[in-house]
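Asker: Have a look at this one.
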Amino acid sequence: MGNIQKKDGFIFYKSFYDSINALDESMQLEVYQALAEYGLTGEMRDDLSPITKALLTAMIPTIDNANKRYVASVENGKKGGRPKKAKEVVQEIKENLEEPSHNLEKPKQNLNKPSNNLNEPNPNPYVSVSVSVSDTDTLIKDKKIKEKDKTEEQAPRLNYITEYLLKKDLILEDEVSFVDDIINTYQQSFNGIDIKCKCEYILQKMKAKNLKNRMNYFKSAFEKNIYQDFQKESEYVAPVEKIPIDREALSMLEKYD
């Protein structure tokens, strides 16, 4: 089997190692030597044992294919790859000669207009500094508008009663959130008009008082007032309307008794 030229090395695959390692230790050395001889010389001895010969025969196609690919790649590298055909060379030269230049009469920038960015260092070498002032202002304005819209969307909407009390200067800025929470809580169970009237009444009375903790007073007065009204409404019993008696109908029923 002298189909492979002598060389300085050969490829040894993991599958070779696994196959040889499965043999008895007394057989492994013979297989390793036979494999090395074939990989380097392309020849296999005739005095090998049947097991060694069988294993080497199974490994030979893999070694041969790897050597052929190696030889082919070396030859192509020496030749510089596949050479260009004559027609391709002529066509490439022709295209380069006929291709017009589109940028000869069009300058990249206005040479008469001095650049304002020549003395300014570029903080980011990957970002171009050739941005006009008007474009920069527009970008900044757009960013501010977007940030403002985002803030307005995130801000919770006040209850209309809270807005009314704030416009009437009955509550302070730092009291808005506290009052708004109370109104939203009780508006789920009580009438909104009653809540508005009670809040306005209590806050008007609080103006004449020198209170240290306005919100504690407001909460206590509001809850006491609204629950008192609720209790009155619960204790109220509507009068039962009496149904008029139809004497004629009763007399007719008595006939059938």
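Letter by letter, the sequence shown follows residues -11 to 245 of this note's numbering.
We put the CB at the ideal spot given by N, CA and C, even for glycine.
Please state if the CB of LEU43 and the CB of SER7 are separated by a distance shorter than 8 Å.
Answerer: Locating residue 7 in the sequence shown gives position 19, counting from the first residue. Locating residue 43 in the sequence shown gives position 55, counting from the first residue. Cβ distance < 8 Å, so SER7 and LEU43 count as in contact.
Asker: From the DSSP output, in three-state form, read off LEU146 for me.
Answerer: Translated into positions along the sequence shown, residue 146 becomes position 158. Three-state DSSP puts LEU146 in coil, outside helix and strand.
Asker: Run the CB neighbour count on CYS187, radius 10 Å, all protein chains shown included, and call it buried at 16 or more, exposed below.
Answerer: Taking the first residue of the sequence shown as 1, we reach residue 187 at position 199. That one is buried.
Asker: Roughly how many whole angstroms lie between the Cα atoms of SER176 and GLU236?
Answerer: Mapped onto the sequence shown, residue 176 falls at position 188. Mapped onto the sequence shown, residue 236 falls at position 248. Sequence check: residue 176 is Gln here, not Ser. Going from the Cα of GLN176 to the Cα of GLU236 covers about 51 Å.
Asker: In terms of residue numbering, what span does the alpha helix (DSSP H) encompassing ALA22 cover?
Answerer: For the purposes of this step, residue 22 is taken as residue 34 along the sequence shown, with counting starting at 1. Note, ALA22: alpha helix (DSSP H), 13 to 29.
Asker: So, at 8 Å on beta carbons, what are the nonlocal neighbours of MET203 in its own chain, with the 5 sequence-adjacent residues on each side left out?
Answerer: Here residue 203 refers to the residue found at position 215 of the sequence shown. Excluding sequence neighbours, MET203 sits near GLU163, PHE166, VAL167.
Asker: Do the region 9 to 19 and the region 30 to 39 touch if we need at least three Cβ pairs shorter than 8 Å?
Answerer: The region 9 to 19 is in contact with the region 30 to 39.
Asker: State the CB to CB distance for the pair ILE190 and PHE178, rounded to an integer number of angstroms; the pair is presumed to be in contact (CB under 8 Å).
Answerer: The count along the sequence shown starts at 1 and reaches residue 190 at position 202. The count along the sequence shown starts at 1 and reaches residue 178 at position 190. About 14 Å separates the two Cβ atoms, so there is no contact after all.
Asker: Who are the Cβ neighbours of MET47 in its own chain at under 7 Å, not counting the five residues just before and after it?
Answerer: By one-based count along the sequence shown, residue 47 stands at place 59. PHE4, LEU23.
Asker: Could you work out which residue in LEU160, ILE171, ILE133 is closest to LEU146 when comparing CA atoms only?
Answerer: For this step, residue 146 is matched to residue 158 along the sequence shown. Residue ILE171 is the option with its Cα nearest to LEU146.
Asker: In the DSSP assignment, find the alpha helix (DSSP H) that holds MET194 and state where it starts and stops.
Answerer: Position 206 of the sequence shown, counting from 1, holds the residue named residue 194. Counting along the chain, the alpha helix (DSSP H) containing MET194 begins and ends at 180 to 195.
Asker: What first and last residue would you give for the alpha helix (DSSP H) that runs through ASP6?
Answerer: For this step, residue 6 is matched to residue 18 along the sequence shown. Where ASP6 is concerned, the enclosing alpha helix (DSSP H) stretches over 2 to 9.
Asker: Assuming PHE(-2) and ASN55 form a contact by the criterion Cβ under 8 Å, report the distance between their Cβ atoms to the nearest whole angstrom.
Answerer: Looking up residue -2 in the sequence shown gives position 10. Looking up residue 55 in the sequence shown gives position 67. About 7 Å separates the two Cβ atoms, so the contact holds.
Asker: Is ILE133 closer than 8 Å to TYR174 when the C-beta atoms are compared?
Answerer: Here the question's residue 174 lines up with position 186 in the sequence shown. Here the question's residue 133 lines up with position 145 in the sequence shown. Result no, Cβ atoms of TYR174 and ILE133 do not sit closer than 8 Å.
Asker: Hey, how far is the Cα of LEU158 from the Cα of TYR148?
Answerer: Translated into the one-based positions of the sequence shown, residue 158 becomes position 170. Translated into the one-based positions of the sequence shown, residue 148 becomes position 160. Cα-Cα distance, rounded: 14 Å.
Asker: Give the secondary structure of LEU36 by DSSP, where H, G and I count as helix, E and B as strand, and everything else as coil.
Answerer: For the purposes of this step, residue 36 is taken as residue 48 along the sequence shown, with counting starting at 1. Reduced to three states, the DSSP call for LEU36 is coil.
Asker: Along the alpha helix (DSSP H) that carries ASN172, what are the first and last residues, could you check?
Answerer: For the purposes of this step, residue 172 is identified with residue 184 of the sequence shown, where counting begins at 1. Segment 164 to 174, the alpha helix (DSSP H) holding ASN172.
Asker: My output table needs one value for GLY52: the three-state DSSP class, helix, strand or coil.
Answerer: Residue mapping note: residue 52 aligns to position 64 of the sequence shown, counting from 1. Reading off the sequence, residue 52 comes out as Asp, not Gly. Helix.
Asker: In whole angstroms, what is the alpha-carbon distance linking VAL62 and ASP12?
Answerer: Along the sequence shown, one-based indexing puts residue 62 at 74. Along the sequence shown, one-based indexing puts residue 12 at 24. Their Cα atoms are separated by approximately 39 Å.
Asker: On a CA-only basis, which of GLY65, THR150, ASP169, GLN192 is nearest ILE181? Give me that one, please.
Answerer: By 1-based counting over the sequence shown, the position of residue 181 is 193. Ranking the options by Cα distance to ILE181, first place goes to THR150.
Asker: Are there 16 or more other CB atoms within 10 angstroms of the CB of GLY65, so buried, or fewer, so exposed?
Answerer: The sequence position of residue 65 within the sequence shown is 77, counting from 1. Exposed, because fewer than 16 other Cβ atoms sit within 10 Å of the Cβ of GLY65.
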